[in-house]
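When you read off a place in the sequence shown, starting at 1, and then add 528, the result is the number in my numbering.
The beta carbon of each residue, even a glycine, is placed where N, CA and C say it ideally should be.
What follows is one structure encoded as structure tokens, with my remarks underneath.
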Amino acid sequence: MNTSQKKPSRPEPLDLREVGAPIDGKEQLSDIRLFFQLHVFSHCCHPEVFIDYIQQSNYSSPGAVFYDDLNNPTGFGVLLVDPDPASLMEQSRVLKDMQLKCNREISYRPEMTMIGRTYSSGREPNLEEWLINKPIKNVFNPKFPWAIWYPLRRRPEFYQLEQRERGRILGEHAMLGRSYAAGGYASDIRLACFGLDTNNNEFLIGLVGPELYPLSRLIQDMRQTEQTTKYIESLGPFFIGKVRKRWGNES
Numbered sequence: 529m530n531t532s533q534k535k536p537s538r539p540e541p542l543d544l545r546e547v548g549a550p551i552d553g554k555e556q557l558s559d560i561r562l563f564f565q566l567h568v569f570s571h572c573c574h575p576e577v578f579i580d581y582i583q584q585s586n587y588s589s590p591g592a593v594f595y596d597d598l599n600n601p602t603g604f605g606v607l608l609v610d611p612d613p614a615s616l617m618e619q620s621r622v623l624k625d626m627q628l629k630c631n632r633e634i635s636y637r638p639e640m641t642m643i644g645r646t647y648s649s650g651r652e653p654n655l656e657e658w659l660i661n662k663p664i665k666n667v668f669n670p671k672f673p674w675a676i677w678y679p680l681r682r683r684p685e686f687y688q689l690e691q692r693e694r695g696r697i698l699g700e701h702a703m704l705g706r707s708y709a710a711g712g713y714a715s716d717i718r719l720a721c722f723g724l725d726t727n728n729n730e731f732l733i734g735l736v737g738p739e740l741y742p743l744s745r746l747i748q749d750m751r752q753t754e755q756t757t758k759y760i761e762s763l764g765p766f767f768i769g770k771v772r773k774r775w776g777n778e779s
């Protein structure tokens, strides 16, 4: 037996916490995230009955949002928000029960289901604000009745770029979004959905604002960025909704 042969070293334990920018030389770390899931229904002539059932179910914090579907006069969407994906799944089962109780003709559209989780890039000056507070404020802001939700997937070539180059490309996209936010036209909810989306999408984006046109214009402007023209493989489907009712952290 060759005693000089070294045993393979054990891998270091993984740290899966979210990381923000250091503050006074100390890392920001968090293991708390929010999960968002959008469920879409059709053939509903009396949505107020469905709303009443949601009201009676006493949705817990952070809450839920009921949207009327712009592109379907008998359609609506329900956005669920929860830090616990198991709780999110239980709430989605409640929605299915409500569908059967309200009207058996109401149809569920699984191809429109969208899900994502909050995440950090490592550069956030306030990690908790980015992971928890900001997305909740945007979704439950009473001044933002309009919303566009859509998933996207990047081309594999993007992930082969050097980190600095990726940062430059994403920076162009981020600057555009910040300019719309600074003007009060739009705010975003950026979520990761790696391994969560049934169609292999990687991110889920929510755009919310006081009017619909600026949200559409922001997407139009983003189509001209280097990220979209070169490195986006797929976008959509798009759900366009107007808030009818919110439950939870309305600010």
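Next item on the list: Measure the C-alpha to C-alpha separation of residue 771 and residue 690 and round it to an integer number of angstroms.
Entry: Along the sequence shown, one-based indexing puts residue 771 at 243. Along the sequence shown, one-based indexing puts residue 690 at 162. Taking the straight line from one Cα to the other gives about 41 Å.
Next item on the list: Tell me where the beta strand (DSSP E) around residue 717 begins and ends.
Entry: Counting from one through the sequence shown, the residue named residue 717 turns up at place 189. Run containing residue 717: 715-720, per the beta strand (DSSP E) assignment.
Next item on the list: Quick one: give me the first and last residue of the alpha helix (DSSP H) that residue 576 is part of.
Entry: The residue given as residue 576 occupies position 48 in the sequence shown. Residues 575-585.
Notebook entry, point to check: So what does DSSP say about residue 687, is it helix, strand or coil?
Noted result: Here residue 687 corresponds to residue number 159 of the sequence shown, with the count starting at 1. Reduced to three states, the DSSP call for residue 687 is helix.
Item checked: the ligand SAM heavy atom lying under 7 Å from the CB of residue 728 -> No copy of the ligand SAM appears in this structure; indeed no ligand is present at all.
Check: Exposed or buried, what is residue 645 when buried is set at 16 or more other beta-carbons lying within 10 Å of its beta-carbon?
Finding: Within the sequence shown, the letter at position 117 stands for residue 645. Buried, because 16 or more other Cβ atoms sit within 10 Å of the Cβ of residue 645.
Check: Ordered along the chain, which non-local residues of its own chain (more than five positions away) have a Cβ less than 8 Å from that of residue 722?
Finding: Indexing the sequence shown from 1 puts residue 722 at position 194. These residues qualify, in order along the chain: 730.
Notebook entry, point to check: Among 596, 736, 745 and 671, which one has its Cα closest to the Cα of residue 572?
Noted result: For this step, residue 572 is matched to residue 44 along the sequence shown. Answer by Cα proximity: 596.
Note to self: Buried or exposed for residue 779, going by 16 or more other Cβ atoms inside 10 Å?
What the structure shows: Translated into positions along the sequence shown, residue 779 becomes position 251. Its pLDDT being 40, under 50, residue 779 is placed unreliably by the model, and nothing is read from it.
Notebook entry, point to check: Name the DSSP bridge partner or partners of residue 568?
Noted result: Along the sequence shown, read from residue 1 onward, the residue named residue 568 stands at position 40. BP columns for residue 568 point to 605.
Note to self: Once the 5 residues before and after residue 577 are set aside, which same chain residues still bring their CB inside 6 Å of it?
What the structure shows: Here residue 577 refers to the residue found at position 49 of the sequence shown. 630, listed in sequence order.
Margin query: Just verifying my parser: in three-state terms, what is the DSSP assignment at residue 778?
Written below: Walking along the sequence shown from the start, residue 778 turns up at place 250. With a pLDDT of 48 at residue 778, under the threshold of 50, the predicted position of this residue should be treated as unreliable, and no value is reported.
Next item on the list: Out of 603, 677 and 704, state which residue places its alpha-carbon closest to the alpha-carbon of residue 751.
Entry: The count along the sequence shown starts at 1 and reaches residue 751 at position 223. Out of 603, 677 and 704, 704 has the C-alpha closest to the C-alpha of residue 751.
Notebook entry, point to check: Who are the near neighbours of residue 753 in its chain, counting only those whose CB is closer than 7 Å to its CB and skipping five residues on each side?
Noted result: Numbered from its first residue, the sequence shown carries residue 753 at position 225. Cβ neighbours of residue 753 beyond the five flanking positions: 700, 701 and 704.
Check: Between which two residues does the alpha helix (DSSP H) containing residue 741 stretch?
Finding: Residue mapping note: residue 741 aligns to position 213 of the sequence shown, counting from 1. It spans 740-750 - the alpha helix (DSSP H) in which residue 741 sits, taken as one unbroken run.
Note to self: Quick check: the Cα distance between residue 733 and residue 565, rounded to an integer number of angstroms?
What the structure shows: Position 205 of the sequence shown, counted from the first residue, corresponds to residue 733. Position 37 of the sequence shown, counted from the first residue, corresponds to residue 565. Each residue's alpha carbon lies about 11 Å from the other.
Notebook entry, point to check: What is the residue span of the beta strand (DSSP E) that residue 735 lies within?
Noted result: One-based indexing of the sequence shown puts residue 735 at position 207. Here the beta strand (DSSP E) through residue 735 covers 731-737.
Margin query: Taking the alpha-carbon of residue 657 as reference, which of 677, 707 and 549 has the nearest alpha-carbon?
Written below: Taking the sequence shown and counting its residues from 1, the one referred to as residue 657 is at position 129. Here the closest residue by C-alpha is 549.
Item checked: Nearest-angstrom Cβ-Cβ length linking residue 567 and residue 606, presumed shorter than 8 Å -> The residue you call residue 567 lines up with position 39 of the sequence shown. The residue you call residue 606 lines up with position 78 of the sequence shown. That belief holds up - the Cβ atoms of residue 567 and residue 606 are roughly 5 Å apart, short of 8 Å.
Item checked: Under 8 Å between C-beta atoms of residue 562 and residue 547 -> Your numbering for residue 562 matches position 34 in the sequence shown. Your numbering for residue 547 matches position 19 in the sequence shown. No, these two residues do not count as a Cβ contact at 8 Å.
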